[in-house]
Structures are given as structure tokens and as C-alpha cells.
Amino acid sequence: MSVKYPELRRQIVRAFKIMERKGLNYGYSGNVSARVGEGVFIVTPSGKRKAALRPEELLVVDWEGNLIEGDGKPSVELPLHLAVYRNRKDVSAVIHAHPIYATVLSILRIDLEPVVEELALYVGGEVKVADYAPSGTEQLAENAVKTLADRNAVILANHGVLACGKNMDEALNVLECVERTAHSYVLARILGEPTKVPREVVEWEVKIYKMMRL
Ligand SMILES: [Zn+2]
């Protein structure tokens with residue numbers, strides 16, 4: 002059976018394999034989506050081992066989460082993904098995952114400041130922790146987009162991370178950068194008192210981030 006959007010489906014399946022291999026996500030957790038047209042999205046189904054997903058198992062939904070194509074139940078975090086697309090016209094890919102070090106910060110409710118320059122460049126500033134709300138709720142979606150604002154990543158309290166981008170490659174790169182920086186930051190705080198990147202350098206990187214999104 003032929004399915005629509007084969008290339009984007011392949012990209013989502015590949016993203017899960019990369020995330021599993023790099024320890025950015027595991028098992029049944031995490032969900033990924035892509036905007037494929039006006040009010041049309043591809044999302045991961047719930048209740049599946051994500052690294053074993055096949056392209057044809059992905060679902061096509063509309064703004065209300067109604068199934069347009071596919072067989073199964075869309076991810077419980079679909080409201081979170083749709084809220085990002087609603088608020089960010091520049092975003093066409095959203096990844097939600099549970100990487101360890103960013104989740105450590107989510108449990109401690111510690112914002113990840115741009116302690117390395119690339120975080121400011123890829124995320125557009127710091128990665129803030131959104132107020133807690135239970136998984137799969139509209140409240141979680143609301144808290145996340147409010148805290149995300151015009152940046153590319155947000156930490157979800159006691160939960161994980163949401164990363165986004167203009168395409169799947171950018172969203173995946175953002176997630177990798179956030180987790181790598183969180184890992185470095187956690188280790189740095191164990192060894193001593195972290196030093197911040199100078200403010201004017203962060204401002205310059207954020208300026209480049211914004212220019213690249215015009
Ligand atoms: Zn989750």
C-alpha cells in the first residue's frame with residue numbers, strides 16, 4: 002500500500018533510530034511530528050516501540066487531531082505538538098523526548114543557560130523549564146509554548162524536552178545540542194561553579210539565530 006509523504010515518514014523513523022542509538026530516547030516514550038501542509042501533520046502513534054516504527058505506521062492528522070490517514074491512536078502528546086505549530090509559523094518539525102541529563106534539570110527545575118555558545122546559536126537563548134502539568138494535557142501544551150516563545154527548545158518539568166525546527170534535521174540537532182549541553186552542565190556543577198559565556202557573545206549568537214529564521 003502506498004502512503005502519502007514517504008520522505009517525511011522516512012525522516013521520522015530515522016530520527017527515532019538516531020535518538021535510541023544516542024540515548025536521547027528509549028522504548029515507548031517520545032513522539033515526533035512534522036507539518037506537511039496547511040493543517041495537515043504526520044505524527045507518531047501511541048503504544049509502539051519507537052525505534053522499531055515503520056514509515057507506514059505513522060499517522061496523518063488535522064488541527065483537531067482527527068485521523069486523515071493511517072490506523073491507530075495518535076500520540077497522547079499531540080496537543081503539545083499542535084500548540085507549537087499554532088504558535089510558530091516557522092516550525093515544521095517537533096520532537097519530544099526524555100534524554101537523561103535534560104530530564105535531571107527538569108526534575109530540579111533548573112533552566113539551562115547558554116553555557117556554551119552553540120546552545121544560543123541553535124536554540125536562540127536559554128532553555129527554560131515550563132511550569133509542571135501532567136502528560137498529555139492541554140495545560141502542558143499551554144505552559145510549554147508560553148515558555149518556548151521564539152526559541153527552539155523548552156524543558157518540561159519532571160518530564161523531558163521539546164525541541165523544534167524548520168525541518169527534522171534542525172529539530173534533531175537542537176535536541177542533541179540541548180542534551181549534550183545539559184550533560185556538560187550537570188558535570189560542571191558537580192566539579193565546581195560554572196562560568197557563563199559573556200553576555201555580549203550570547204546576544205550576538207541569538208541575533209544570528211533570529212537572522213537565520215527570517
Ligand atoms: Zn513525554
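In this note's numbering, the protein residues as written are 2 to 215.
Every residue, glycine too, gets a C-beta built ideally from N, C-alpha and C.
Kindly identify the DSSP beta-bridge partner or partners of Val128.
Within the DSSP secondary-structure output, Val128 pairs in a beta bridge with Leu113.
Taking DSSP's pairing of strands, which residues face Phe220 in a bridge?
The first residue shown for the chain is 2 and the last is 215, placing residue 220 beyond what the model contains.
Length at least 4, wholly inside the stretch 65 to 123: the alpha helix (DSSP H) runs in chain order:
79 to 88, 101 to 109
In this structure, what does DSSP give as the bridge partners for Ala164?
Ile96, Ala154
Counting C-beta neighbours from all protein chains within 10 Å, is the total for Leu109 16 or more, i.e. buried, or is it exposed?
Burial check for Leu109: the Cβ neighbour count within 10 Å stays below 16, so the residue is exposed.
Measuring alpha carbon to alpha carbon, tell me which of Gly40, Pro56, Thr45 ends up nearest Ser34.
Thr45
Would you kindly report the start and end of the unbroken alpha helix (DSSP H) that includes Pro7?
7 to 22
What I want to know is whether the C-beta of Gly161 ends up closer than 6 Å to one or more non-hydrogen atoms of ligand 1.
yes
Looking only at its own chain, which residues have a Cβ that is under 6 Å from the Cβ of Ala94, when we skip the five neighbours before and after it?
Here the set comprises Ala35, Gly166, Asn168, Met169, Ala172.
Counting along the chain, where does the alpha helix (DSSP H) carrying Glu204 start and finish?
200 to 213
Separation of Pro135 from Gly71, as counted between CA atoms
Rounded to whole angstroms, the separation of the alpha carbons of Pro135 and Gly71 is 27 Å.
So what's Ala134 in DSSP terms, helix, strand or just coil?
coil
Do Ala84 and Glu146 come within 7 Å of each other at the CB atom, strictly closer than that value?
What sits at residue 146 in the sequence shown is Val, not Glu. Yes, these two residues count as a Cβ contact at 7 Å.
Are three or more beta carbon pairs between the stretch 117 to 124 and the stretch 148 to 167 nearer than 8 Å?
yes
Among Gly38, Val37, Met20, Val41, whose alpha-carbon lies nearest the alpha-carbon of Gly31?
Nearest of Gly38, Val37, Met20, Val41 to Gly31, Cα basis: Met20.
Val175 lies in the alpha helix (DSSP H); which residues open and close that run?
169 to 192
Could one say the Cβ of Arg50 lies closer than 7 Å to chain C's Cβ atoms, at least one of them?
Here chain C cannot be found, since the structure has a single protein chain.
Expressed to the nearest angstrom, what Euclidean distance is found between the alpha-carbon atoms of Leu183 and Ile101?
Position check: residue 183 holds Ala in this sequence, whereas Leu was assumed. Cα to Cα, the separation comes out at about 9 Å.
Between the alpha carbons of Lys23 and Ser3, how many angstroms are there, rounded?
31 Å
Could you work out which residue in Asp132, Pro75, Pro195, Thr138 is closest to Thr1 when comparing CA atoms only?
This structure gives no information on residue 1, because the portion of the chain shown stretches from 2 to 215.
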